[in-house]
Amino acid sequence: MDGKKVKLSLEHISQSYVLNNRAFDAVQDINFDVYDSEFLVLLGPGYCGKTVLLNIISGLEEPVDGTVRLDGEVVKGSDPRIGMVFQKTSLLPWKTVMENVEVGPKMAGVAKEERRKTAQKYIDLVGLQGFEKSYPTQLSGGMKQRVGIARAYTNSPEILLMDEPFGALDAQTRYSMEEEIQKIWQSEKRTIIFVTNNIEEAVYLGDRIVLLTNRPAHVKAIYDIDLPRPRDTVSPEFLRIRKEISDNTDLAL
Amino acid sequence: MGSAPETKKLTQEQRIAMVQEKKRRTQRLYLTLSIIGILVFLLIWEIASDAGFVNSRYLAAPSTIFKLFITKLTDPNPDGAVLGVNILASLQVSLTGFFLAIIVGIPLGLLMGWYGGFESFVRPIFELVRPIPPVSWIPLTIVWLGIGLPAKAFIVFFSAFVPCVINAYTGIKQTSPVLINFAKTCGASNFTIFWKVGIPSSLTMVFAGVRVALGNAWATLVAAEMLAASSGLGYMILMGRQFARPDLILLGIVVIGIIGVTFTAILGRVENRVLGWKK
Ligand SMILES: Nc1ncnc2c1ncn2[C@@H]1O[C@H](COP(=O)(O)OP(=O)(O)OP(=O)(O)O)[C@@H](O)[C@H]1O
Ligand SMILES: [Mg+2]
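Protein sequences appear in the order of chains G and L.
Take the position in the first sequence, starting the count at 1, then add 33; the result is the number in our numbering.
Take the position in the second sequence, starting the count at 1, then add 2; the result is the number in our numbering.
See the structure below:
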């Protein structure tokens with residue numbers, strides 16, 4: 034991987050919890066690098082520890098062992114350079130779409146006019162113009178996830194973590210969201226770490242796929258996907274890669 | 003059926019107008035039914051008293067109560083104060099206690115629910131004091147504060163304070179962890195998260211607590227005035243018993259009920275304003 038700049042690196046990350054007086058490993062000795070501006074997919078079966086790993090990268094949880102480095106420096110605690118789109122809806126229900134999207138810069142003390150401009154740009158980008166004044170309860174699941182994505186971008190993070198953002202959507206919406214997230218990524222180059230348990234989604238979106246094992250999660254394999262974008266999900270090459278990964282995947286418990 | 007039936011194409015505005023009109027009509031119907039309900043209740047009561055089913059020593063007819071209401075507006079007999087003075091005295095006591103309870107209780111509950119250290123410090127005392135029925139404080143407060151406004155306001159305060167604390171505490175504890183995590187990833191400080199995420203999340207519960215507090219305040223007020231007062235609606239009711247005047251007692255009860263309903267309605271308005279996003 035010469036010529037590619039390492040943006041984020043995970044070194045010997047492990048996480049354990051105590052459950053009913055017994056230690057319980059969620060994540061075990063995870064090592065990999067993420068390159069600048071790449072679309073990295075973390076693929077793993079249910080409950081394997083994907084969310085735990087993202088929480089560690091975003092600084093929400095402290096690992097029992099290991100370090101996260103951003104541009105070579107150790108990351109401690111939450112860092113505005115690392116943004117997150119959550120698995121569950123995390124919109125503030127008492128705020129409108131616009132207020133939700135601008136909340137990050139607002140907390141950082143950015144002037145209203147400026148943050149509104151940025152927010153509007155991303156609201157338009159995710160196709161929600163006209164819904165700025167709606168409240169989350171008035172939106173569909175897909176629209177809420179769009180707001181979550183616009184919100185994460187408005188914070189202008191260097192790395193965006195996405196935790197199964199389309200997991201709760203119906204298949205049709207999911208396809209169109211996958212297409213859109215790819216377009217957004219192409220127009221706004223950021224490093225993305227995208228978590229999913231869906232192999233097709235992984236192969237469709239990823240520059241590289243990090244395949245995780247069952248719990249305790251560790252890295253089983255890393256795949257480079259060199260197919261041109263947008264990818265044809267029924268091309269023989271796509272299906273071959275998909276099968277290869279699928280054969281190597283642990284069944285969810 | 004040779005030709006297709008002509009379907010009317012309504013414009014957007016017409017459709018909105020139709021939906022709104024339908025909603026308004028339902029609302030009007032329900033309002034009418036409520037009013038009829040009250041009227042029927044009063045009518046049965048009136049007839050029962052006038053026809054002598056119930057002895058007038060035990061129950062006064064609505065018309066008698068209404069007449070007394072008019073008289074009591076200007077006549078201080080038999081309890082020593084006109085109705086307006088009684089109402090004012092009661093309002094002063096209950097609102098003082100109620101607002102104090104809100105001002106002290108809600109912040110206390112919120113802080114207790116958010117900051118673990120503060121919780122450990124305050125919770126044991128609160129838990130000890132909480133189960134004591136407010137009315138049992140009355141003798142002690144009379145010893146401390148006499149029978150003036152502060153004594154009664156304290157008892158009212160106490161009864162309204164507990165639900166304020168408990169609901170603010172529970173409400174803020176239920177703040178969704180995802181929302182907290184999101185704010186953290188924005189780099190917000192713990193206090194900012196408390197202020198911008200915790201408090202708004204708790205508001206639904208806080209309002210429910212205020213509702214209970216209002217009911218408690220009003221109920222305790224009457225008890226306090228029956229034991230330690232020289233004016234007020236509770237005192238008027240007590241005098242009604244001493245002078246064997248059921249009409250006076252009932253007038254007191256009705257006025258208390260009406261004021262209670264008014265307060266609840268005002269609170270509902272405020273709540274709609276603050277929690278407008280829920281619809
Ligand atoms: N704070 C915690 N305390 C105890 N156990 C936890 C904690 N957080 C996560 N776990 C456990 O760690 C395991 C991995 O959880 P995680 O949420 O990372 O799964 P996941 O891979 O994201 O699954 P899914 O695809 O369903 O989202 C689970 O068994 C979960 O119960
Ligand atoms: Mg998860």
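Backbone N, C-alpha and C fix where the C-beta goes; we use that ideal spot for every residue, glycine too.
Note that the structure is predicted; figures quoted are calculated from it, not measured.
Query	Result
Cross-strand partners of THR224 of chain G (DSSP beta bridge)	G:ILE192
Straight-line Cα distance separating PRO190 of chain G from VAL252 of chain G	26 angstroms
Chain-ordered residues of the region 178-192 of chain L with a beta carbon less than 8 angstroms from chain G	SER178, VAL180, LEU181, ASN183, PHE184, ALA185, LYS186, THR187, CYS188, GLY189, ALA190
Contact list for PRO202 of chain L against chain G, beta-carbon separation under 9 angstroms	LEU125, PRO126, TRP127, LYS128
Per DSSP, the bridge partner or partners of ASP66 of chain G	G:SER42
Exposed unless 16 or more other CB atoms sit within 10 angstroms - verdict on LEU284 of chain G	exposed
4-residue-minimum alpha helix (DSSP H) runs that sit fully inside the region 216-273 of chain L, ordered along the chain	235-244
Distance between beta carbons of THR224 of chain G and GLU106 of chain G, contact taken as under 8 angstroms	In fact, because the Cβ distance is near 15 angstroms, the residues do not count as touching under 8 angstroms.
Enclosing alpha helix (DSSP H) for TYR108 of chain L [first to last residue]	It is Ile, not Tyr, that sits at residue 108 of chain L in the sequence shown. Element bounds for ILE108 of chain L: 85-116.
Minimum length 3: unbroken beta strand (DSSP E) runs contained in the region 96-161 of chain G	98-103, 115-118
Whole-angstrom distance between VAL131 of chain L and ALA1 of chain L, CA atom to CA atom	Residue 1 of chain L falls outside the range modelled here, since chain L spans only 3 to 281, and no answer is possible.
Check: PHE119 of chain G C-beta below 8 angstroms from any heavy atom of ligand 1	no
Check: LYS83 of chain G C-beta below 8 angstroms from any heavy atom of ligand 2	yes
Burial state of GLN120 of chain G, where buried means 16 or more other Cβ atoms lie within 10 Å	buried
Straight-line Cα distance separating ASN64 of chain G from LEU161 of chain G	38 angstroms
Contact the region 157-175 of chain G vs the region 91-99 of chain G: 3+ CB pairs below 8 angstroms	no
Test: TRP116 of chain L CB closer than 9 angstroms to a CB of chain G	no
Residues that GLN48 of chain G bridges to, as DSSP identifies them	G:VAL60
Coil, strand or helix - LYS253 of chain G by DSSP	strand
Beta-carbon proximity check, ALA246 of chain L vs PHE159 of chain L, cutoff 9 angstroms	no
Continuous alpha helix (DSSP H) stretch holding VAL56 of chain L: start and end	That residue, VAL56 of chain L, is in no alpha helix (DSSP H); it is neither H nor E in DSSP.
Range covered by the beta strand (DSSP E) that runs through PHE72 of chain G	72-76
Which of helix, strand or coil DSSP assigns to LEU244 of chain G	strand
SER122 of chain L beta carbon less than 9 angstroms from that of GLY173 of chain L	no
Cβ neighbour criterion (16 or more within 10 Å) applied to MET20 of chain L	exposed
Own chain, CB closer than 6 angstroms to SER111 of chain G, minus 5 neighbours either side, in chain order	GLY92
DSSP bridge partner residues for ARG55 of chain G (one or two, in chain order)	G:LEU52
Test: LEU43 of chain G CB closer than 9 angstroms to a CB of chain L	no
DSSP three-state assignment for THR229 of chain G, whether helix, strand or coil	strand
CB of ALA231 of chain L within 9 angstroms of CB of ILE149 of chain L, strictly	yes
Cβ contact (3+ pairs, closer than 8 angstroms) linking the region 197-215 of chain L and the region 135-144 of chain L	no
GLN61 of chain G versus GLN48 of chain G - alpha carbon distance	7 angstroms
Contacts that LYS121 of chain G makes with chain L (C-beta to C-beta distance below 7 angstroms)	VAL180
Distance cut-off 8 angstroms: ASP196 of chain G Cβ against heavy atoms of ligand 2	yes
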